[in-house]
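Worksheet for the structure shown next.
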Amino acid sequence: MPDQVNVSFLLAGEPPTNIAAWRASPPPFLADYKRVDESYESLVYEANVTTTFTKVATFGMGKTLYRMTFTFRSDPANPALTRVTALGQAPEDAVFAMSAWADDNAPS
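Its first residue numbered 951, the sequence shown is counted upward by one per residue in the numbering used here.
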């Protein structure tokens, strides 16, 4: 599937702090996504990317949903950092925005 995402990046701070920050205000690359689930170490977001063709072809009954799961764990090499693993589907522009955001927020 062309829109598959399986990446990881580092953030400063411990996992609970980063999860709380994302709950309060998700990063801008998730603007089209809505949080639909969570656990003690992950947040799940979903976006409706149904095309007009799909809506017409299925008489309004079909949907295309993209789901992204972000798992937050302490980095084994440095427990003061959080390794975020993203797994799911996202359009190419969202993947580029996520990459740019991760670069801008990488620990120094």
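Glycine residues also receive a C-beta, built at the ideal position from the N, C-alpha and C atoms.
To the nearest angstrom, how far is the alpha carbon of residue i from that of residue j?
i	j	result
D1053	F1009	42 Å
P965	A1007	43 Å
S958	S1024	12 Å
L1031	G1012	41 Å
R1033	T1021	8 Å
D982	A974	16 Å
A1047	P1041	10 Å
Which residues does DSSP list as the beta-bridge partners of residue i?
i	result
D1053	In DSSP, D1053 forms no bridge with anything.
Does the Cβ of residue i have 16 or more other Cβ atoms within 10 Å, making it buried, or fewer, making it exposed?
i	result
A1044	buried
F979	buried
With a CB to CB cut of under 8 Å and the five nearest residues on each side skipped, what residues in its chain are close to residue i?
i	result
K1005	G1012
Could you give the uninterrupted runs of the alpha helix (DSSP H) lying entirely in the segment 983-1013, keeping only those of 4 residues or more? 1002-1007
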